[in-house]
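See structure below.
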Amino acid sequence: MGQIIVMDELLSNKIAAGEVVERPASVVKELVENAIDADSTSIEITLEEAGLSKIQVTDNGKGMDADDALKSFSRHATSKITTEHDLFRIRSLGFRGEALASIASVSKISLWTSNGENIGSKVELEGGRVISNTPGPIRRGTDIVVSQLFYNTPARLKYLKTIQTELGHSIDLINRLAISYPGIAFKLTHNQQTIMQTSGRGDLKQVLAAIYGISNVKKMVAFDNDSSDFRISGFATLPEITRASKNYITVLVNGRWVKHYGINNAIVDSYHTLLPIGRYPIVVLNIEMDPILTDVNVHPAKHQIRLSKEKELMELVRITIRSIMHRVQKPPEIIEKP
Ligand code: ADP
Ligand code: MG
Numbered sequence: 001m002g003q004i005i006v007m008d009e010l011l012s013n014k015i016a017a018g019e020v021v022e023r024p025a026s027v028v029k030e031l032v033e034n035a036i037d038a039d040s041t042s043i044e045i046t047l048e049e050a051g052l053s054k055i056q057v058t059d060n061g062k063g064m065d066a067d068d069a070l071k072s073f074s075r076h077a078t079s080k081i082t083t084e085h086d087l088f089r090i091r092s093l094g095f096r097g098e099a100l101a102s103i104a105s106v107s108k109i110s111l112w113t114s115n116g117e118n119i120g121s122k123v124e125l126e127g128g129r130v131i132s133n134t135p136g137p138i139r140r141g142t143d144i145v146v147s148q149l150f151y152n153t154p155a156r157l158k159y160l161k162t163i164q165t166e167l168g169h170s171i172d173l174i175n176r177l178a179i180s181y182p183g184i185a186f187k188l189t190h191n192q193q194t195i196m197q198t199s200g201r202g203d204l205k206q207v208l209a210a211i212y213g214i215s216n217v218k219k220m221v222a223f224d225n226d227s228s229d230f231r232i233s234g235f236a237t238l239p240e241i242t243r244a245s246k247n248y249i250t251v252l253v254n255g256r257w258v259k260h261y262g263i264n265n266a267i268v269d270s271y272h273t274l275l276p277i278g279r280y281p282i283v284v285l286n287i288e289m290d291p292i293l294t295d296v297n298v299h300p301a302k303h304q305i306r307l308s309k310e311k312e313l314m315e316l317v318r319i320t321i322r323s324i325m326h327r328v329q330k331p332p333e334i335i336e337k338p
């Protein structure tokens with residue numbers, strides 16, 4: 001007899017979790033992205049001990065009916081794509097349908113959800129197993145509490161960094177999501193302390209002020225340009241405002257925060273010699289393009305992206321930011337008196 005068996009779902013979820021759920025911030029990312037995909041306008045994230053003891057995400061999105069509430073924890077359960085055609089035109093943040101299954105397999109979860117019409121439902125799981133499923137109140141939205149993350153994977157727990165480092169990852173993530181979605185009100189609380197809060201009024205500059213402080217935002221210049229395939233816009237600090245890391249550069253492709261080494265470099269490059277060595281600007285760069293030119297399906301959790309025509313894009317970024325920095329750096333013109 002052969003030796004190959006098909007593994008049971010709980011085990012395969014736990015293995016997938018090893019890829020997708022690296023640290024508390026990975027859970028925060030998946031839960032908040034789900035809330036965004038559910039058209040929420042208000043998302044509250046509450047952490048305890050940087051998320052190691054508790055991660056709670058409460059949204060006012062479209063919620064789920066009782067059937068979907070249970071199904072959402074099955075592997076490959078997604079409401080976001082149905083055909084292969086969809087895969088190349090992804091507008092939602094999630095689509096793999098494995099985040100909730102993975103998170104559930106390495107934690108204790110309590111989900112309350114309601115679509116605002118039918119009776120709500122409450123599902124509790126431990127290590128991926130459903131331990132209770134009861135009706136809940138009707139109020140449109142979803143509330144997920146993940147506690148004791150990695151309680152059944154001690155090796156993963158051991159490799160986590162300090163509370164401060166883990167919290168830093170979550171703050172960084174929420175900041176970038178708030179920048180990507182100025183129309184959503186975000187609130188992040190850690191050990192009962194409010195860390196950041198945005199109004200959801202749709203004003204990117206207001207969001208940047210909430211994150212980086214008003215005085216820095218006053219030193220940011222707006223830019224806007226296009227080429228045949230791309231349209232770019234955003235804000236960039238004058239060379240006098242710098243940071244010691246590239247972490248303050250946020251790149252969005254069609255509203256989705258991405259990491260792209262080449263684009264980051266093009267931004268820094270466009271300041272040319274204006275920046276001191278080892279210092280970087282604060283920049284938000286919005287890129288709009290036909291989704292067919294991108295491939296987001298590179299890694300299940302990481303924000304990496306592949307682009308066609310990336311040379312054209314980088315050149316556009318360089319020219320645009322360089323020209324505004326050049327313009328604002330020029331000494332004021334002397335107006336001759338008549
Ligand atoms: P994916 O986001 O890739 O579809 P997930 O495992 O993250 O997969 O979620 C599975 C499904 O559960 C989603 O497709 C969605 O239908 C539903 N879901 C998850 N979170 C929420 C939420 N906050 N509000 C409404 N529906 C949700
Ligand atoms: Mg998801």
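Using full-length UniProt numbering, read the sequence shown as starting at 1 and increasing by one per residue. For glycine and all other residues, C-beta sits at the position ideal for the given N, C-alpha and C.
With 16 other CB atoms within 10 Å as the buried threshold, where does residue 1 fall? For this step, residue 1 is matched to residue 1 along the sequence shown. Its Cβ having fewer than 16 others within 10 Å, residue 1 is exposed.
At which residues does the beta strand (DSSP E) containing residue 286 begin and terminate? Residue mapping note: residue 286 aligns to position 286 of the sequence shown, counting from 1. Segment 283-288, the beta strand (DSSP E) holding residue 286.
Under 8 Å by Cβ, that's how I've got residue 41 and residue 200 pegged, so tell me the actual separation to the nearest angstrom. Here residue 41 is taken as the residue at index 41 of the sequence shown, counted from 1. Here residue 200 is taken as the residue at index 200 of the sequence shown, counted from 1. Contact flag correct, Cβ pair sits at about 6 Å.
The region 225-236 / the region 183-200 touching (three or more Cβ pairs under 8 Å): no
What first and last residue would you give for the beta strand (DSSP E) that runs through residue 143? Position 143 of the sequence shown holds residue 143. 141-147 is the span of the beta strand (DSSP E), which, as asked, contains residue 143.
If contact is defined by three or more beta carbon pairs under 8 Å, each pair taking one atom from either stretch, is the region 28-46 in contact with the region 165-185? yes
The region 65-76 touching the region 117-126, judged by at least three CB pairs closer than 8 Å: yes
What residue from 323, 208, 47, 25 has the CA that sits closest to residue 173's CA? Reading the sequence shown from its first residue, position 173 is the one you call residue 173. Of all alpha-carbon atoms in 323, 208, 47, 25, the one lying nearest the alpha-carbon of residue 173 is that of 25.
Between residue 34 and the ligand MG, is the CB less than 7 Å from at least one heavy atom? Here the question's residue 34 lines up with position 34 in the sequence shown. Residue 34 Cβ: within cutoff of the ligand MG.
In chain order, each alpha helix (DSSP H) run of at least 4 residues that lies wholly inside the region 9-56: Scanning the region 9-56 for uninterrupted alpha helix (DSSP H) segments of 4 residues or longer gives 9-20, 24-37, listed from N- to C-terminal end.
Within the present structure, is the beta-carbon of residue 199 separated from the nearest heavy atom of the ligand ADP by less than 7 Å? Counting from 1 along the sequence shown, the entry for residue 199 is found at position 199. Not under cutoff, so the answer is no.
Spell out whether any CB of chain C is found under 8 Å from the CB atom of residue 258. Although the question refers to chain C, the structure presented lacks it and comprises just one protein chain.
CA-CA distance, residue 287 and residue 116? Taking the sequence shown and counting its residues from 1, the one referred to as residue 287 is at position 287. Taking the sequence shown and counting its residues from 1, the one referred to as residue 116 is at position 116. Approximately 35 Å between the Cα atoms of the pair.
Proximity test, residue 101 beta-carbon vs the ligand MG heavy atom, cut-off 7 Å: Mapped onto the sequence shown, residue 101 falls at position 101. Flag unset: Cβ of residue 101 not near the ligand MG.
What are the residues that DSSP puts in a beta bridge with residue 221? One-based indexing of the sequence shown puts residue 221 at position 221. DSSP lists 236 as partners of residue 221.
Enumerate, from N- to C-terminal direction, the unbroken alpha helix (DSSP H) stretches of 4 or more residues contained entirely within the region 149-194. 154-158, 163-180
Spatial neighbours of residue 270 within its chain, please: C-beta separation below 6 Å, excluding the five flanking residues on both sides. Looking up residue 270 in the sequence shown gives position 270. Listed in chain order, the non-local C-beta contacts of residue 270 below 6 Å within the same chain comprise 318, 321, 322, local neighbours out to five positions each way being set aside.
Excluding the five sequence neighbours on either side, which residues of its own chain have a C-beta within less than 7 Å of the C-beta of residue 293, listed in chain order? Against the sequence shown, residue 293 aligns to sequence position 293. For residue 293, where only same-chain residues beyond five positions count, the Cβ hits under 7 Å are 229, 307, 308, 309.
Three-state secondary structure assigned by DSSP to residue 206: The residue you call residue 206 lines up with position 206 of the sequence shown. Residue 206: helix per DSSP, three-state reduction.
Does at least one heavy atom of the ligand MG sit under 7 Å from the Cβ of residue 22? One-based indexing of the sequence shown puts residue 22 at position 22. Not so, every heavy atom of the ligand MG lies at least 7 Å from the Cβ.
Using CA atoms only, rank isn't needed, just tell me which of 250, 48, 30, 53 is closest to residue 100. Taking the sequence shown and counting its residues from 1, the one referred to as residue 100 is at position 100. Nearest C-alpha to residue 100: 30.
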